[in-house]
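S.K.:
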Amino acid sequence: MTPAIIARNLVIPLGLALSLGLTSCSQPTATPPNNNPDTTTSDVAANTEGKKKVLTTFTVLADMAQNVAGDKLIVESITRIGAEIHGYEPTPSDIVKAQEADLILYNGMNLERWFKQFLGNLEDVPSALLTEGIEPIPIASGPYSDKPNPHAWMSPQNALIYVENIRQAFVELDPDNADTYNANAAAYSEQLREIDQQLQEDLTQLPERQRYLVSCEGAFSYLARDYDLQEIYMWPINAERQFTPKQVQQVIEQVKTNDVPTIFCESTVSDEGQKQVAKTTGARFGGNLYVDSLSTEEGPVPTFIDLLEYDARVITNGLLAGSKNN
Ligand SMILES: [Zn+2]
Numbered sequence: 323m324t325p326a327i328i329a330r331n332l333v334i335p336l337g338l339a340l341s342l343g344l345t346s347c348s349q350p351t352a353t354p355p356n357n358n359p360d361t362t363t364s365d366v367a368a369n370t371e372g373k374k375k376v377l378t379t380f381t382v383l384a385d386m387a388q389n390v391a392g393d394k395l396i397v398e399s400i401t402r403i404g405a406e407i408h409g410y411e412p413t414p415s416d417i418v419k420a421q422e423a424d425l426i427l428y429n430g431m432n433l434e435r436w437f438k439q440f441l442g443n444l445e446d447v448p449s450a451l452l453t454e455g456i457e458p459i460p461i462a463s464g465p466y467s468d469k470p471n472p473h474a475w476m477s478p479q480n481a482l483i484y485v486e487n488i489r490q491a492f493v494e495l496d497p498d499n500a501d502t503y504n505a506n507a508a509a510y511s512e513q514l515r516e517i518d519q520q521l522q523e524d525l526t527q528l529p530e531r532q533r534y535l536v537s538c539e540g541a542f543s544y545l546a547r548d549y550d551l552q553e554i555y556m557w558p559i560n561a562e563r564q565f566t567p568k569q570v571q572q573v574i575e576q577v578k579t580n581d582v583p584t585i586f587c588e589s590t591v592s593d594e595g596q597k598q599v600a601k602t603t604g605a606r607f608g609g610n611l612y613v614d615s616l617s618t619e620e621g622p623v624p625t626f627i628d629l630l631e632y633d634a635r636v637i638t639n640g641l642l643a644g645s646k647n648n
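Residue numbers for the sequence shown follow the numbering used here, so the first one is 323 and each next one is one higher.
(1) Since Leu514 sits in a beta bridge, which residues does DSSP pair it with?
(2) Looking only at C-alpha atoms, which of Glu575, Leu441 and Asp614 sits nearest to Thr602?
(3) Nearer than 7 Å: is that true of the beta carbon of Asn560 relative to any heavy atom of ligand 1?
(4) What are the start and end residues of the beta strand (DSSP E) that includes Ala450?
(5) Does the beta-carbon distance from Ile426 to Val397 come in below 8 Å?
(6) With DSSP collapsed to three states, give me the class of Ser537.
(7) Counting along the chain, where does the alpha helix (DSSP H) carrying Tyr544 start and finish?
(8) Where in the stretch 430-514 do unbroken runs of the beta strand (DSSP E), each at least 3 residues long, occur, reported from the N-terminal end onward?
(9) Got a sec: does ligand 1 put a non-hydrogen atom nearer than 7 Å to the Cβ of Asp614?
(10) Give the DSSP bridge partners of Glu398, in chain order.
(11) What is the residue span of the alpha helix (DSSP H) that Glu575 lies within?
(12) Is Glu539 near ligand 1, in the sense that its beta carbon is under 7 Å from a heavy atom of that ligand?
(13) Here's the rule: buried if 16 or more other CB atoms are within 10 angstroms of the residue's CB, otherwise exposed. What is Thr584?
(14) Given that a residue counts as buried once 16 or more other Cβ atoms are within 10 Å of its Cβ, and exposed if not, what is Gln552?
(15) Look at the alpha carbon of Glu486 and the alpha carbon of Arg533, and state the distance between them as a whole number of angstroms.
(16) When you compare the CB positions of Thr401 and Thr379, do they come within less than 8 Å of one another, or not?
(17) Count the other CB atoms within 10 Å of the CB of Thr362; is the residue buried (16 or more) or exposed (fewer)?
(18) The beta strand (DSSP E) with Ile608 in it runs from where to where?
(19) Below 8 Å on the Cβ atoms is my guess for Leu528 versus Met476; work out the distance and round it to an integer in Å.
(20) Quick check on Pro478: buried or exposed, where buried means 16 or more other Cβ atoms within 10 Å of its Cβ?
(21) To the nearest angstrom, how far is it from the Cα of Ile517 to the Cα of Phe492?
(22) Could you check whether Glu530 and Tyr555 sit closer than 8 Å to each other, using their CB atoms as the reference points?
(23) Determine the contact status of Val722 and Val636, defining contact as a CB-CB distance below 8 Å.
(24) Pick helix, strand or coil for Glu619, following the three-state DSSP scheme.
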């Protein structure tokens, strides 16, 4: 193969790339920098040596996977914290990193519109679909009408299925540590059942006529179904067309009709349209919820369980405090 042919191919088999010195600028992510003079090289090697690498398409899945993996696998998200994940455009270094991975976990159900092509660029990297076995809620309107709403993880009951799919994928990937994955998955599932119970208690405080969850993206269909909320949103799924005048007007009308006291948006998109709604209707803007990404360690939702707790608290407090009759 000549260099001219290689240059036209986006993906170069890793072994070939290494032999050509093409990846000299990419550091192997498995090896942390050895800045501590007390840490010997063999200690560092012992931390990562032999561990398989798992990539996920976004941060929420990485946290779930980390809970099941414990310290037996290296888990990383392809998209970073705060990134828009639906229409993400993978970089060449994402592809190099993914080619080195032993397994890639993805959501599917129409979430990662970039993933099929991304996976097609890789050679022999297995992947696992984490929504396998979940009953989809169809998207109600727009260009993706009738396709599955991808935000299935926003139901803790569904999250249990994600965890079981992760457990199975890890046991297959690394059977020597199956006992650890089984035990970790069981413990994490117990936490998810507890959070489900807590969300049920938090959100049932809301009076019947105040159970409207107004968000930017229609990302709360599963949460709304589980906890008996009415979902109103500006656009059905993150795409190019966000907060058009028509979308804003529709939400204004629904907020007025249902006398909704508080409205919300999400951390990964612009809340400008929702602030227009608040200004026009007199509803309070209750802040940004987290769905498609965790926050940094310093932010309010560094883990998926934090995300569920935080959203339930912001929704409940927002709707109760914003009630015009309180
Ligand atoms: Zn989304």
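Quick reminder that beta carbons are idealized off the backbone N, C-alpha and C, glycines included.
M.R.: According to the data block:
(1) In the sequence shown, residue 514 corresponds to position 192, counting from 1. Paired residues: none, contrary to the question.
(2) Here residue 602 refers to the residue found at position 280 when the sequence shown is read from its first residue. Nearest to Thr602 by alpha-carbon distance, out of Glu575, Leu441 and Asp614, is Glu575.
(3) Along the sequence shown, read from residue 1 onward, the residue named residue 560 stands at position 238. Yes; taking the cut-off as 7 Å, the Cβ of Asn560 has a heavy atom of ligand 1 nearer than that.
(4) Walking along the sequence shown from the start, residue 450 turns up at place 128. First-last of the beta strand (DSSP E) with Ala450: Ser449 to Leu451.
(5) In the sequence shown, residue 426 corresponds to position 104, counting from 1. In the sequence shown, residue 397 corresponds to position 75, counting from 1. For Ile426 and Val397, no; Cβs fall outside 8 Å.
(6) The sequence position of residue 537 within the sequence shown is 215, counting from 1. Here Ser537 sits in strand by DSSP.
(7) Counting from 1 along the sequence shown, the entry for residue 544 is found at position 222. It spans Ser543 to Asp548 - the alpha helix (DSSP H) in which Tyr544 sits, taken as one unbroken run.
(8) Fully contained in the stretch 430-514 are the following beta strand (DSSP E) runs of length 3 or more, in chain order: 449-451.
(9) Within the sequence shown, the letter at position 292 stands for residue 614. Yes, since a heavy atom of ligand 1 falls inside the 7 Å radius drawn around the Cβ of Asp614.
(10) As a first step, residue 398 is located in the sequence shown; it is residue number 76 there, counting from the start. Paired residues: Leu377.
(11) The residue labelled residue 575 in the question sits at position 253 within the sequence shown. Here the alpha helix (DSSP H) through Glu575 covers Pro567 to Thr579.
(12) Counting from one through the sequence shown, the residue named residue 539 turns up at place 217. Placement of the Cβ of Glu539 at a distance of less than 7 Å from at least one heavy atom of ligand 1 is found.
(13) Looking up residue 584 in the sequence shown gives position 262. With 16 or more Cβ atoms within 10 Å of its Cβ, Thr584 is classed as buried.
(14) In the sequence shown, residue 552 corresponds to position 230, counting from 1. By the 10 Å Cβ count, Gln552 comes out exposed.
(15) Here residue 486 refers to the residue found at position 164 of the sequence shown. Here residue 533 refers to the residue found at position 211 of the sequence shown. Straight-line Cα distance between these residues: approximately 31 Å.
(16) Numbered from 1 along the sequence shown, position 79 holds the residue referred to as residue 401. Numbered from 1 along the sequence shown, position 57 holds the residue referred to as residue 379. Taking the C-beta atoms as reference points, Thr379 is found nearer than 8 Å to Thr401.
(17) Translated into the one-based positions of the sequence shown, residue 362 becomes position 40. Here the model assigns Thr362 a pLDDT of 39, short of 50, so the residue's position is not dependable and the matter cannot be decided.
(18) Within the sequence shown, the letter at position 286 stands for residue 608. Note on identity: in this sequence residue 608 is Gly, with Ile being the wrong assignment. Per DSSP, the unbroken beta strand (DSSP E) holding Gly608 starts and ends at Arg606 to Leu611.
(19) Residue mapping note: residue 528 aligns to position 206 of the sequence shown, counting from 1. Residue mapping note: residue 476 aligns to position 154 of the sequence shown, counting from 1. Leu528 to Met476, Cβ: 17 Å. No contact.
(20) Here residue 478 refers to the residue found at position 156 of the sequence shown. So Pro478 counts as buried.
(21) What you label residue 517 is simply residue 195 of the sequence shown in a count that begins at 1. What you label residue 492 is simply residue 170 of the sequence shown in a count that begins at 1. So the alpha carbons of these two residues sit roughly 24 Å apart.
(22) Walking along the sequence shown from the start, residue 555 turns up at place 233. Walking along the sequence shown from the start, residue 530 turns up at place 208. Not a contact, by the Cβ cut-off of 8 Å.
(23) Here the chain comprises residues numbered 323 to 648, so residue 722 is not present and cannot be evaluated.
(24) Locating residue 619 in the sequence shown gives position 297, counting from the first residue. In this structure, Glu619 counts as coil in the three-state DSSP scheme.
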